[in-house]
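Chemist: Protein chains in written order, with the numbering used here: chain A, 93 to 322; chain B, 93 to 322; chain C, 93 to 322; chain D, 93 to 322. All C-beta atoms in this analysis are idealised placements derived from N, C-alpha and C, irrespective of residue type, glycine included.
(1) Would you kindly work out how many angstroms separate the C-alpha atoms of residue 215 of chain C and residue 313 of chain B, rounded to a whole number?
(2) For a contact defined as C-beta to C-beta under 7 Å, what are the partners of residue 265 of chain D on chain C?
(3) Here's the rule I'm using: 16 or more other beta-carbon atoms within 10 Å means buried, otherwise exposed. How should residue 200 of chain A be labelled?
(4) If you measure beta-carbon to beta-carbon, which residues of the segment 174-196 of chain C are closer than 8 Å to chain B?
(5) Taking 8 Å as the CB-CB limit, is residue 271 of chain B close to chain C?
(6) Relative to the C-alpha of residue 117 of chain D, which residue among C/295, C/278, C/310 is closest?
(7) For the beta strand (DSSP E) that contains residue 304 of chain D, what are its first and last residues?
(8) Looking at the C-beta of residue 317 of chain C, does it have a partner C-beta in chain D at a distance below 8 Å?
(9) Flag this pair as yes or no: are the beta carbons of residue 123 of chain B and residue 167 of chain B separated by less than 8 Å?
(10) Going along the chain, which residues of its own chain have a beta-carbon closer than 7 Å to the beta-carbon of residue 286 of chain A, five neighbours each way excluded?
(11) Hey, is residue 293 of chain C's beta-carbon within less than 8 Å of any beta-carbon in chain B?
(12) Within the same chain, show all residues whose beta-carbon is closer than 6 Å to that of residue 193 of chain C, passing over the 5 residues directly before and after it, in chain order.
(13) Hey, out of D/132, D/140, D/203, D/225, whose CA is closest to residue 181 of chain D's CA?
(14) Would you mind working out which of C/148, C/284, C/178 sits nearest residue 165 of chain C, comparing C-alpha positions?
(15) Between the segment 212-236 of chain B and chain A, which residues of the former have CB atoms less than 8 Å from a CB of the latter, in chain order?
(16) What residues match up with residue 249 of chain B in a beta bridge as DSSP calls it?
(17) What do you get for residue 130 of chain D, buried or exposed, if any count of 16 or more other CB atoms within 10 angstroms of its CB means buried?
(18) Would a check of beta-carbon distances place residue 238 of chain B closer than 8 Å to chain A?
(19) Would you call the CB atoms of residue 251 of chain D and residue 195 of chain D closer than 8 Å?
(20) Should residue 298 of chain B be flagged as near chain F, meaning a C-beta pair shorter than 8 Å?
(21) First and last residue of the beta strand (DSSP E) that includes residue 256 of chain C?
(22) Since residue 306 of chain D and residue 304 of chain C are thought to touch, with beta carbons under 8 Å apart, how far apart are those beta carbons, to the nearest angstrom?
(23) Kindly list the residues whose CB is nearer than 8 Å to the CB of residue 127 of chain C, restricted to its own chain and excluding five residues on each side of it in sequence; keep chain order.
(24) Can you tell me where the alpha helix (DSSP H) holding residue 106 of chain C begins and where it ends?
(25) Might you give, ordered along the chain, the residues of its own chain that have their beta carbon closer than 8 Å to the beta carbon of residue 331 of chain C, omitting 5 neighbours on each side?
(26) Counting only runs that start and end within the segment 111-193 of chain C, where is the alpha helix (DSSP H) found for 4 or more residues in a row?
(27) Mind pulling the chain D residues with CB within less than 8 Å of residue 322 of chain C?
(28) Please classify residue 260 of chain B: is it buried, with 16 or more other beta-carbons within 10 angstroms of its beta-carbon, or exposed?
(29) What residues in its chain sit with their C-beta under 7 Å from that of residue 172 of chain B, if we drop five residues either side in the sequence?
(30) What does DSSP give as the partner residues of residue 265 of chain D in its beta bridges?
(31) Is it right to say residue 155 of chain B is buried, meaning 16 or more other beta carbons lie within 10 angstroms of its own, or is it exposed?
(32) Does chain A have any CB closer than 8 Å to the CB of residue 116 of chain B?
(33) Is residue 196 of chain D helix, strand or coil by DSSP?
(34) Let me make sure I understand the geometry here. Which of C/94, C/202, C/231 has the alpha-carbon closest to that of residue 256 of chain C?
(35) If we define contact as Cβ-Cβ less than 8 Å, is residue 103 of chain A a contact residue for chain D?
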């Protein structure tokens, strides 16, 4: 019973994905971590959302070892494990949401074109380059975690400020303090991805948002002087 | 109990936004004014739509001072206050609806391409330029109201005839005699924005609607000889 | 009670429009004719779909004169009357459906790019040119009917084979032997309009469907040797 | 009662099409085969999905001869029959889903741009060329089956690895070991078609997925060392 709280959290967060239109069939997964216990609960692999229950969540430690559960965990489990091990986060989401995936396939960062984007992050949404053949042929899902972390190092951005990424040729990942917040970020990414796509169609020369406005909107919602919400 | 009528009106109008597909999460707000009392009821900041009730609406005067309510009002409250103070309107809506926001990010007016547009306004839907750094660093939401009003002055258009605007790099605002009418205008803007986007994709040289047809359609629905509706 | 059958037919057909996603608010109308009685039942003007009932339908003759009903009929009533007067049809639909309207605003015929189109008509979906100032300033809705008929004459196509049209800068009209069939055609037009738009985006040089395939698919569903359906 | 199992299977699979948003009206059909009995159950022609029942499914043999059933089978029945006769498959789906059909009308293969695609097939989704006049004027639906098989021969791909195809100017077909799997493939095709369309809009120079990543993702889900699912 010691893991019930994260099983519940992971279950509820997973069930948000179809409601928010972010997944087709089983193309997505959410995990919820208990950092003190050093484990996370994650969706079992290939199980349809309508068949899920908290009991079916699999408990895995930050090295990717299964701690509890009868089912095989998500095939992306090692990516989650690596990120939990190195980053102080409480929830992770992976989807193949349509617009986010199209940007990932395009191998482009999503430019910060407006306040909807700046309300959530100041940077462009980064697109990690496709992985090297060596990484792919090695422990692929494990290396995907490092590909994401390397991208953040190379671009000099912090996972605490930018809680989402595209993996080139693949699809989006997002995270947050909780699984619920990670799902929220996943939906934000999809909406911002759609708006940025449309913006470029309507005005191919549309400029990025200027710094003063990026700063203003981000600080309305985040940081010491934020004044959004209750 | 003196404000119950505008709390009810604001509540009902806010609840229309998710039904019409105009908001994700809490990215939008509606207010309803009682111009005689000099106050308006507005959505509390960051509260999910499914948790709203008329009692949670916050009463604010036209200078932006909170008159009644336990919750913090929408972060955009001062924009609403400025518009109510200077314009004789009864309801205001702000959303980040997808197509409207894409045009705002493109910093382009939405051209009047057809009768769906002309049924509601004769002009292009104006896009106010992004705000100056001075305005952004000052009282941002308060200045947003002036940015909108300045745009209407510069373009020589009347807020009584054109009940909607895009704020450059940001998103749409709309208004009307009632909160319900403002929500209606918000949905019209989103539909017209999508149609105009598609029109330019299908025919990059599509001409604006000619004046005789603009006038005809607008006057079918508005003005002394209108004959639409009951 | 003499008109109850067409009131019922018009009511049911009108209620299909929001279900099929073809209308926002009240931007559409359907009528159902009894050609023996020389009248049609049509939606009242500006009444929301959720407030409709068979009793609210208005009975109008083929010259546009109201025969029965307490409400004002659709503002487009005279267009329906003209078409019923000159063409042997039993139902008419007008919508501002998104993709159909975008093509109308683009002032382009919708090319016959595939079998989905050819299953329903052999020709491109015609776009009537925007009306002359004289027609607009005259009896506008009445003249819209003639604009549609003139378009068919000019292009040498038959309203019995092509049961839909775009009015340039305005929006689609469709018709059929019954109101139900006219609604069906309205949904077909919207789907074909979306597919044709996407086809041109994916392959700007996409060719029209060749004649043998157009003929084959049309004749599968229509004509003496059709073998589609029961 | 000997065919009840495939009638049930075909009925359930057909009912998935409207739920997954893959059909408008009756523009699609699914069949389910019993290869030992040498027959398949298929949707009756032109019957709306809401009026279907297992009993209305028509039983047809692999030469296209009706074995049991009061209704006329789908007009595409001979295409199903030919494929069952020559390929060892258990279910077939035909739809006019929007994005898949737009690619078919564009007469282009859908390039393998990302892992969503590679999770299901390594090749591009092939587009068979439009049929010759001779084939069209002959036994059209019968010849459509051969057009599909010829396309696979010409491209040197296997129907066991690539379970979907576009027929040029027409629309998608998909298949699988069961009718349910064929429907799954139909939804995958539509999603991949939409993502590929968006990818080319966002980055006209987007490269195909590299071979190592195609191989990795396909083998995660398929083949002797797959580790996806339970």
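Modeler: Per the coordinate set shown:
(1) 35 Å
(2) Per Cβ cutoff of 7 Å: no residues; residue 265 of chain D is ~13 Å from chain C at best.
(3) buried
(4) 188, 190, 191, 193, 194, 195, 196
(5) no
(6) C/278
(7) Residue 304 of chain D -> not in any beta strand (DSSP E); alpha helix (DSSP H) instead, spanning 303-313.
(8) no
(9) no
(10) 191
(11) yes
(12) 263
(13) D/132
(14) C/148
(15) 222, 223, 225, 228, 229, 232
(16) Answer is none; residue 249 of chain B lacks a bridge partner.
(17) exposed
(18) no
(19) no
(20) Absent here is chain F; the protein component of the structure consists of chains A, B, C and D.
(21) 256-259
(22) Residue 306 of chain D to residue 304 of chain C, Cβ: 38 Å. No contact.
(23) 176, 180, 182
(24) 96-111
(25) As shown, chain C starts at 93 and ends at 322. That puts residue 331 of chain C outside it, with no answer to give.
(26) 169-178
(27) 136, 137, 138, 139, 163, 164
(28) buried
(29) 123, 132, 134, 184
(30) D/186, D/257
(31) exposed
(32) yes
(33) helix
(34) C/202
(35) no
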